[in-house]
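One structure is given here, and the rest of the page talks about it.
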Amino acid sequence: MSQPPAARPVRESLLAAARDLADAAAGRKEAHEAVRGAALAIEFHLDTLARGLSRGQIEPRLRSRAEAIEAQLQRALEKLWSVDAALRQGPVESARLAELATTVRTLGESEIDLVLEEFRALGSLD
49 MSQPPAARPV
59 RESLLAAARD
69 LADAAAGRKE
79 AHEAVRGAAL
89 AIEFHLDTLA
99 RGLSRGQIEP
109 RLRSRAEAIE
119 AQLQRALEKL
129 WSVDAALRQG
139 PVESARLAEL
149 ATTVRTLGES
159 EIDLVLEEFR
169 ALGSLD
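Going left to right, the sequence shown walks through residues 49 to 174 as our numbering numbers them.
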């Protein structure tokens, strides 16, 4: 029995979401579940990034990079919504899911790099 959307736990990790999409592309995971999970993860990251940008919590020299990641997250979310709609009509090509997995993984890595750079700027990392 599936839970209502509001009760589903948000999987915050973009890298885990990318892995789920790759598993769905390979037929090891249900595609709808992987796509919805990835969309929730991206929505979580978009919200977090938007709050950081609006509150001026991101180092000014990294702001343009953060804004670029925010735009890429938004585009990826739109692609996920499109695939979700297509899945309601029937199966989608595994290549489309694999492409989304690569996109989400790249975004996760970009966001991690941004966070590490922010920590370096604050002197938290050497």
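C-beta atoms are modelled at their ideal positions from N, C-alpha and C, and glycine is treated no differently.
Original post:
Grouping DSSP H, G and I as helix and E and B as strand, with all else coil, what is Gly75?
Top reply: Gly75 falls in the coil class under three-state DSSP.
**OP:** State buried or exposed for Gly156, treating a residue as buried only when at least 16 other CB atoms are found within 10 Å of its CB.
**Re:** Note on Gly156: 16 or more other CB atoms within 10 angstroms of its CB, so buried under the neighbour-count rule.
Original post:
In the structure shown, what three-state DSSP assignment does Glu60 receive?
Top reply: Correct three-state label for Glu60: coil.
**OP:** Tell me whether the beta-carbon of Ala134 lies closer than 9 Å to the beta-carbon of Ala70.
**Re:** Result no, Cβ atoms of Ala134 and Ala70 do not sit closer than 9 Å.
Subject >> Residue from Ala87, Arg113 and Gln105 with nearest C-alpha to Glu60 >> reply: Distances from the CA of Glu60 to each of Ala87, Arg113 and Gln105 were compared; the closest alpha carbon is that of Ala87.
Subject >> Complete alpha helix (DSSP H) runs within the stretch 86-165 (minimum length 4 residues, chain order) >> reply: With a minimum length of 4 residues, the continuous alpha helix (DSSP H) runs that stay inside the stretch 86-165 are 111-137.
Original post:
Are Arg107 and Glu166 touching if we call contact CB-CB under 9 Å?
Top reply: Strictly speaking, residue 107 in this sequence is Glu, with Arg absent from that position. Cβ atoms of Glu107 and Glu166: closer than 9 Å.
**OP:** Ignore the nearest five residues each way along the sequence and tell me which others in Ala169's own chain have a CB closer than 8 Å to its CB.
**Re:** Scanning its chain for C-beta atoms nearer than 8 Å, with the 5 sequence neighbours on each side dropped, one finds around Ala169 the residues Glu107, Arg109 and Leu110, in chain order.
Subject >> Cutoff 6 Å; reference Arg56; Cβ partners in own chain excluding five residues on either side >> reply: Per-residue confidence for Arg56 stands at a pLDDT of 48, beneath the threshold of 50, marking its modelled position as unreliable; no derived number is given.
Original post:
Do the stretch 138-154 and the stretch 93-103 meet, that is, are 3 or more Cβ pairs less than 8 Å apart?
Top reply: Inter-segment contact for the stretch 138-154 and the stretch 93-103 is absent: fewer than three beta-carbon pairs are separated by less than 8 Å.
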